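S.K.:
Numbering (our numbering), first residue to last: 1229 to 1722.
(1) For residue 1250, is the classification buried or exposed, using 16 other Cβ atoms within 10 angstroms of its Cβ as the cut-off for buried?
(2) For residue 1427, which residues from the same chain have a beta carbon less than 7 Å from its beta carbon, with the 5 sequence-adjacent residues on both sides left out?
(3) For the putative contact between residue 1326 and residue 1307, defined by C-beta atoms under 8 Å, what is the C-beta separation to the nearest angstrom?
(4) Under 8 Å by Cβ, that's how I've got residue 1376 and residue 1402 pegged, so tell me the actual separation to the nearest angstrom.
(5) With the cut-off set at 7 Å, would you say residue 1391 and residue 1505 are in Cβ contact?
(6) Would you say residue 1619 reaches chain D, if we count a Cβ-Cβ gap shorter than 7 Å as a contact?
(7) Let's test the definition: count the other Cβ atoms within 10 Å of the Cβ of residue 1514 and tell me whether it reaches 16, buried, or not, exposed.
(8) On a CA-only basis, which of 1490, 1558, 1660 and 1302 is nearest residue 1275? Give me that one, please.
(9) Quick one: using the 10 Å Cβ neighbour count with 16 as the cut-off for buried, is residue 1246 buried or exposed?
(10) Using beta-carbon positions only, say whether residue 1304 and residue 1287 come within less than 7 Å of one another.
(11) Can you tell me the Cα-Cα spacing of residue 1397 and residue 1510, whole angstroms?
(12) Is residue 1677 near residue 1668, with beta carbons less than 7 Å apart?
(13) Could you tell me the boundaries of the alpha helix (DSSP H) in which residue 1405 lies?
(14) Using the DSSP secondary-structure output, state which residues sit across from residue 1285 in a beta bridge.
(15) Flag this pair as yes or no: are the beta carbons of residue 1489 and residue 1502 separated by less than 7 Å?
(16) Counting only the same chain and skipping the five closest in sequence on each side, list residues whose C-beta sits under 7 Å from that of residue 1340.
(17) When the Cα atoms are used, what is the spatial distance from residue 1244 to residue 1321?
(18) Which complete alpha helix (DSSP H) runs does the stretch 1454-1518 hold, if anything under 4 residues is left out?
(19) What's the C-alpha gap between residue 1661 and residue 1637?
(20) Quick check: the stretch 1413-1424 against the stretch 1446-1466, are at least 3 beta-carbon pairs closer than 8 Å?
(21) Whose CA, out of 1572, 1371 and 1597, lies closest to the CA of residue 1658?
(22) Going by the C-beta, is residue 1288 closer than 6 Å to any heavy atom of the ligand NAP?
(23) Please name the residue or residues paired with residue 1264 in a DSSP beta bridge.
(24) Write down the C-beta distance between residue 1437 and residue 1387 rounded to the nearest angstrom, noting that I regard them as a contact closer than 8 Å.
(25) How many Å lie between residue 1433 and residue 1405 at the Cα?
(26) Work out the CA separation of residue 1634 and residue 1580 for me, nearest whole Å.
(27) What do you get for residue 1529, buried or exposed, if any count of 16 or more other CB atoms within 10 angstroms of its CB means buried?
(28) Taking 8 Å as the limit between beta carbons, can you name the residues of its chain near residue 1543, skipping five residues before and five after?
(29) Leaving out five residues before and five after residue 1681 in sequence, what residues of the same chain have Cβ atoms less than 7 Å from its Cβ?
(30) Report, in whole angstroms, the separation of the C-beta atoms of residue 1464 and residue 1424, which I expect to be a contact under 8 Å.
(31) Buried or exposed: which applies to residue 1309, given that a residue is buried once 16 or more other Cβ atoms fall within 10 Å of its Cβ?
(32) What would DSSP say about residue 1677, mapped onto helix, strand or coil?
(33) Expressed to the nearest angstrom, what Euclidean distance is found between the alpha-carbon atoms of residue 1551 and residue 1566?
(34) Under 7 Å between the Cβ atoms of residue 1663 and residue 1694?
(35) Where does residue 1426 fall in DSSP's three states?
(36) Buried or exposed for residue 1394, going by 16 or more other Cβ atoms inside 10 Å?
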């Protein structure tokens, strides 16, 4: 009876819970009742927090379910949720007591149906095309013969064996294989890291950087090839500095990497054919070009040899080229001594004529005459300006007279020096210089004798040496007697 009196709410036996207790109970009830579930719906609002956690909504036409994927779970998603995408999410239902909300912790996302995948693919394709990743000017030409080829594919599939076999048949090259998963949740991040890793290599390093990248995978469904439709893979291929060939699936399969890559191959085998030419064809072409070069060089040498022979026949002989210049030189050399003598004589006469007219005494007399004339004129004029002008002109005349005397003296000296130089040249070319070297000039009756027959006809010969002349007689001839100075003058009959 006393317990009833102490109860503040008599007649009620409902237990009381704290807020934390009821929140925990609700959470346990939800997690225990539902466990791991799959929910289908359309992705609504998508938000990525700074911490890396992913928050989004999955809705239908009447209700909305809040979903959360923690940072450590995002990398395991095969499909990243995008607004408007119809998906099937898998996870555990739980409650968040701090806000009295429940949500689904999602660790797996799958696209609901192939139509939704194609719609998502078309959306991404339009987005990347709008950014210019598909433009032709961004694409890099493939190297003609790469030294090293990097292959991004599964190391255990038939694709890598086909590529290696085809490269070995066409033109063996060094191949670097970057093993990746070609489908599933790990496909997109591994392919992205492989493309970026090849580009990060240092050319000529311990692990050399490839000259060409091939991203290859065999055929499959759209779900199997979906990793190559991820935006990260497409952007990594578009940003690659190394030329890239995409060979994903068969010829009818199309992925986003095909539009971004520098060249698309319908099959992995075709990618190997695009990467290298056929070695035997190159050898045959090189041999053919070498033969053509040899023939062309031989023909060119033969044509030029024939042309040279034709030109050589038209040229005159070398020994006849100097005949005319040699004759002209002989003629000029014969005329040179007499021409020099005449030139010296003409200049001497001209110098004498000029010196006779330009004697300093004559000039001084002319100047004195003009000076006297100016004095007479100045005595007649009483105007001071005229006198000053006369004085100025007198000073000018005196300066000109002095300059004229100096110029005349200088000119006479120069002409005298030229005359002396010419006379020295005349003496050098004269026969007297020859006499100083031991030669002599023979004369008979004042004429120069140059042969024995001319000398025989005369009884007395006059021989001129460098220091004088000597007369002598020839044996067998009686020299003409000179009249004695003491003989009486007989006079002239005429």
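Idealized CB from N, CA, C, for every residue including glycine.
Please read these numbers as outputs of a predicted model, since none were measured by experiment.
M.R.: Well, looking at it:
(1) Exposed is the label assigned to residue 1250, since fewer than 16 other Cβ atoms lie within 10 Å of its Cβ.
(2) Here the set comprises 1468, 1469 and 1470.
(3) Taking a contact as a CB-CB distance under 8 Å, the pair residue 1326 and residue 1307 does not count as one, their CB atoms being some 30 Å apart.
(4) Going by Cβ atoms, the distance from residue 1376 to residue 1402 rounds to 5 Å, so yes, they are a contact pair.
(5) The Cβ atoms of residue 1391 and residue 1505 lie no closer than 7 Å to each other.
(6) Given the protein chain composition of this structure (a single chain), no chain D is represented.
(7) Classification for residue 1514: exposed.
(8) For residue 1275, the nearest C-alpha among the options comes from 1302.
(9) Burial call: exposed.
(10) It is not a contact, given that the beta carbons lie outside the stated cut-off.
(11) C-alpha separation (whole angstroms): 13 Å.
(12) The answer is no: Cβ separation not under 7 Å.
(13) That residue, residue 1405, is in no alpha helix (DSSP H); its beta strand (DSSP E) goes 1402-1407.
(14) The partner list for residue 1285 (beta bridge, DSSP) reads 1294.
(15) If you check the CB distance, residue 1489 and residue 1502 do not come in under 7 Å.
(16) Same-chain partners within the cutoff: 1268, 1314, 1315 and 1316.
(17) Residue 1244 and residue 1321: Cα-Cα distance of roughly 26 Å.
(18) Qualifying alpha helix (DSSP H) stretches, in chain order: 1459-1466, 1484-1488 and 1496-1503.
(19) For residue 1661 and residue 1637, the distance between alpha carbons rounds to 33 Å.
(20) Under the Cβ criterion (8 Å, minimum of three pairs), the stretch 1446-1466 counts as touching the stretch 1413-1424.
(21) Of the residues 1572, 1371 and 1597, the one whose Cα lies closest to the Cα of residue 1658 is 1572.
(22) Annotation note on the ligand NAP: not contained in the displayed structure, which lists no ligands.
(23) DSSP output for residue 1264 lists 1320 as bridge partner(s).
(24) About 23 Å; that fails the 8 Å criterion.
(25) In this model, residue 1433 and residue 1405 are separated by some 17 Å (Cα to Cα).
(26) Cα to Cα, residue 1580 sits roughly 19 Å from residue 1634.
(27) The residue in question, residue 1529, is exposed, as its Cβ has fewer than 16 Cβ neighbours within 10 Å.
(28) By the criterion of a C-beta distance shorter than 8 Å, residue 1543 is surrounded by no residue of its chain, once the five residues flanking it on both sides are discounted.
(29) A distance below 7 Å between beta-carbons, with the five flanking residues on each side excluded, links residue 1681 to no residue of its chain.
(30) Going by Cβ atoms, the distance from residue 1464 to residue 1424 rounds to 6 Å, so yes, they are a contact pair.
(31) Buried, by the Cβ-count rule.
(32) Collapsing the DSSP output to three states places residue 1677 in coil.
(33) Here the alpha carbons of residue 1566 and residue 1551 stand approximately 25 Å from one another.
(34) In terms of Cβ geometry, residue 1663 and residue 1694 form a close pair [threshold 7 Å].
(35) Reduced to three states, the DSSP call for residue 1426 is helix.
(36) Answer is buried; the Cβ neighbour count reaches 16.
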